[in-house]
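Visitor: Have a look at this one.
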Amino acid sequence: METSGYDIVVVGAGNAALCSAITASEMGKKVLVLEKAPENQRGGNSKFTRNFRIAHEKGWNGFTQEYSGDEFLSDIRKVTSGISSSEMTRYVVDNSGEAVNWASAHGTKWQKALRSTLHLDRTNLFILGGGKALLNTYFRYLGKFRNCRIVYDSELIKMNVENNTFQSLTASIQGHNVEIKGDAVILGSGGFESNLNILREAWGDATDNFIIRGTSQNTGVPLMEMIRHGAASVGEKNDGHMVGVDARSPKYEGGIVTRVDSVIFGIVVNKFAKRFFDEGYDIWPKRYAISGKLIARQPDQIAFSIFDSKSWGMFIPPLYPPIVENSIETLADRIGLNPDELRKTVTEYNAACPEAPGFDFSGLDGHGTGNIEPAKSNWARRIDTPPFYAYPLRPGLTFTYFGLKVDSQSRVTDVSGNPFNNIWAAGEIMAGNILNNGYLGGLGMTIGTLFGITAGKEASS
53 METSGYDIVV VGAGNAALCS AITASEMGKK VLVLEKAPEN QRGGNSKFTR
103 NFRIAHEKGW NGFTQEYSGD EFLSDIRKVT SGISSSEMTR YVVDNSGEAV
153 NWASAHGTKW QKALRSTLHL DRTNLFILGG GKALLNTYFR YLGKFRNCRI
203 VYDSELIKMN VENNTFQSLT ASIQGHNVEI KGDAVILGSG GFESNLNILR
253 EAWGDATDNF IIRGTSQNTG VPLMEMIRHG AASVGEKNDG HMVGVDARSP
303 KYEGGIVTRV DSVIFGIVVN KFAKRFFDEG YDIWPKRYAI SGKLIARQPD
353 QIAFSIFDSK SWGMFIPPLY PPIVENSIET LADRIGLNPD ELRKTVTEYN
403 AACPEAPGFD FSGLDGHGTG NIEPAKSNWA RRIDTPPFYA YPLRPGLTFT
453 YFGLKVDSQS RVTDVSGNPF NNIWAAGEIM AGNILNNGYL GGLGMTIGTL
503 FGITAGKEAS S
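So that you can map any letter, position 127 of the sequence shown is 179 in this note's numbering, and since no number is skipped, the others follow by simple counting.
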């Protein structure tokens, strides 16, 4: 293959990378896209996504209610504990609608939220066909440009950077090492969540019980190569988008269908049949991405979602069926818990629930437990109507927050705060500038689109 003469080399082929490649191609640049995965597995974590979070007025794109920029900004500050980049966060909020407009202009179609998509119908716009449909649309669009080439099975091995300037990179392409030169490089290659060795540095032996619900391709080589060349980092290695997933899920690539949404409808207990967090402290889009971290800190990184027949059918079921029994004791025996301890925990929880809970799932209902630790702040109702259900839970890591520090133009910056001359980053590899704790459903696609467009535009200027 041709190894020089490219204006821009894009590493990765998920949403952010493709937004960069499309933008640069439209500006007449000669673009090379390096996708580590084979063609039938292309797209990184983006293929598992399904929606964008955007600020909007009532009536925009069919929304029946407003989601103001101030509320959006407040939500981000809440889930990130107020420590995200205020400048970049404001940029994402103010331009979130433009991310949807750009996606629409490049062929993306939309659909209304389904009934059980858990408090997202007011804040998020759903992709018709999900992330894979969006990616396929972008790949077809890129196919119109003779100046753009996509190479699959191409893994970045080494970056050659001198005087804060990208010179070339070495990639293994179908088993052969090739040096590729370009005037600029855009890193849209995700985080390191699939690299168990790096995860083990941060999490220790607990890593062995993690499930990587996203792509198996994100091993973090571009990220670590840039840090080796003096790039500044953001976030912590032991933090990320981590949800409670079914413990029976595959180690990699399980995606959305492995997520367990029954958490707020009952209680969650550890291997000793003890509750360990507030299952109802906030609505799903603002709290679901931390449940995995809480499970990761429990003995053997295992937990169980316990609920009764009143809640069955109120949430989208995951891929695997629940474990069902007619008594708490037999349920405990089935899932390997001490029956007496689980019965004690359920009895204490039931006694702390309000007499008439009301159970309003449309929002925070304020029906919390009484004298019990930990408290359950909302949706507290008794587990007393057989049959009883359980899902075994493991920490499910989607993507990591540790990444490259960038400026407002998406340029990678060094440890002294100076931008590299011709190196940009977009998507998960830099999302920690905005998301370094917690998550809001759909925000990743908005960030990736906006900074992907920015990176492609700035690298082409």
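Just so you know, even glycine gets a beta-carbon here, dropped at the ideal spot from N, CA and C. None of these values were measured; they are calculated from a predicted model.
Is the beta carbon of G275 less than 9 Å from the beta carbon of L248?
Guide: The sequence shown places Leu at residue 275, not Gly. Their beta carbons are not under 9 Å apart, which means L275 does not touch L248 by this criterion.
Visitor: I need the boundaries of the beta strand (DSSP E) containing P406, first residue and last residue.
Guide: Unbroken run through P406: none, as it is neither H nor E.
Visitor: Mind the definition here: the segment 380-393 touches the segment 435-455 only if three or more C-beta pairs lie below 8 Å; say whether that holds.
Guide: Verdict: yes, contact present.
Visitor: I238 lies in the beta strand (DSSP E); which residues open and close that run?
Guide: I238 -> beta strand (DSSP E) spans 228-239.
Visitor: Suppose contacts are defined by Cβ-Cβ distances below 9 Å. Is N489 in contact with S133 by that definition?
Guide: Yes, Cβ-Cβ distance for N489 and S133 is below 9 Å.
Visitor: On the premise that G183 lies in contact with R265, defined as a C-beta separation below 8 Å, what is that separation, rounded to the nearest angstrom?
Guide: The Cβ separation is near 13 Å, so there is no contact.
Visitor: Tell me which residues share the same chain as T501 and place their Cβ nearer than 6 Å to its Cβ, disregarding the 5 neighbours each side in the sequence.
Guide: Excluding positions up to five away in sequence, the list reads C71, A151.
Visitor: Based on the DSSP output, what are the partners of S357 in its beta bridges?
Guide: Its beta-bridge partners are V320, Y443.
Visitor: If the criterion is Cβ atoms closer than 9 Å, does the pair V309 and S357 meet it?
Guide: For V309 and S357, no; Cβs fall outside 9 Å.
Visitor: Is it true that the segment 249-269 meets the segment 445-459, where meeting means three or more beta-carbon pairs spaced less than 8 Å apart?
Guide: Contact holds: three or more Cβ-Cβ distances are below 8 Å.
Visitor: Applying the criterion that 16 or more other CB atoms from any shown protein chain within 10 Å of the CB defines a buried residue, is S148 buried or exposed?
Guide: S148 is buried by the Cβ-count criterion.
Visitor: Quick one: any contact between the segment 114-128 and the segment 280-291, if contact means 3 or more CB pairs under 8 Å?
Guide: In short, these stretches do not touch, since the Cβ pair count stays below three.
Visitor: Pairs of beta-carbons, one from the segment 451-464 and one from the segment 479-498, closer than 8 Å: are there three or more?
Guide: Short answer: they touch.
Visitor: Excluding the 5 residues preceding and the 5 following G504 in the sequence, name in chain order all residues of the same chain whose CB lies nearer than 6 Å to its CB.
Guide: So the qualifying residues of the chain are A68, C71, S72, A478.
Visitor: Under a three-way DSSP split, which group does L180 fall into?
Guide: DSSP places L180 in coil when its eight states are reduced to three.
Visitor: Is the closest heavy atom of the ligand MN to the C-beta of G121 under 8 Å?
Guide: Ligands in the displayed structure: none, and consequently the ligand MN is not present.
Visitor: Give me the Cα-Cα distance between D260 and V321, rounded to the nearest whole angstrom.
Guide: Rounded to whole angstroms, D260 to V321 spans 20 Å at the Cα level.
Visitor: Using DSSP bridges, identify the partner residues of K294.
Guide: Note on residue identity: the sequence assigns Met, not Lys, to residue 294. DSSP lists L449 as partners of M294.
Visitor: With DSSP run on the structure shown, which of helix, strand or coil describes W162?
Guide: DSSP places W162 in strand when its eight states are reduced to three.
Visitor: Would you decide whether A157 is buried or exposed? Buried here means 16 or more other CB atoms lie within 10 Å of its CB.
Guide: Looking at its Cβ environment, which holds fewer than 16 other Cβ atoms inside 10 Å, A157 is exposed.
Visitor: Within the chosen definition, does the segment 202-210 reach the segment 225-242 through at least 3 CB pairs nearer than 8 Å?
Guide: Short answer: they touch.
Visitor: In the DSSP output, what is E214 paired with across the bridge?
Guide: DSSP, once it has assigned bridges, lists T217 as partnering E214.
Visitor: Given this structure, state the Cα-to-Cα distance separating T169 from V213, to the nearest angstrom.
Guide: Only weak support is given to the placement of T169: the predicted model assigns it a pLDDT of 48, under 50, and the question is left unresolved by the model.
Visitor: Closer than 8 Å is the cut-off here; do at least three beta carbon pairs connect the segment 392-410 with the segment 285-304?
Guide: Because the criterion of three Cβ pairs below 8 Å is not met, the segment 392-410 and the segment 285-304 do not touch.
Visitor: Can you tell me which of D360, K326, L394 puts its alpha carbon nearest to the alpha carbon of E351?
Guide: At residue 351 the sequence reads Pro, which differs from the Glu that was named. For P351, the nearest C-alpha among the options comes from K326.
Visitor: Buried or exposed: which applies to S241, given that a residue is buried once 16 or more other Cβ atoms fall within 10 Å of its Cβ?
Guide: With 16 or more Cβ atoms within 10 Å of its Cβ, S241 is classed as buried.
Visitor: Residues in its own chain within less than 6 Å of P391 by CB, not counting five upstream and five downstream?
Guide: Within the same chain, P391 has close Cβ partners E381, A384, D385.
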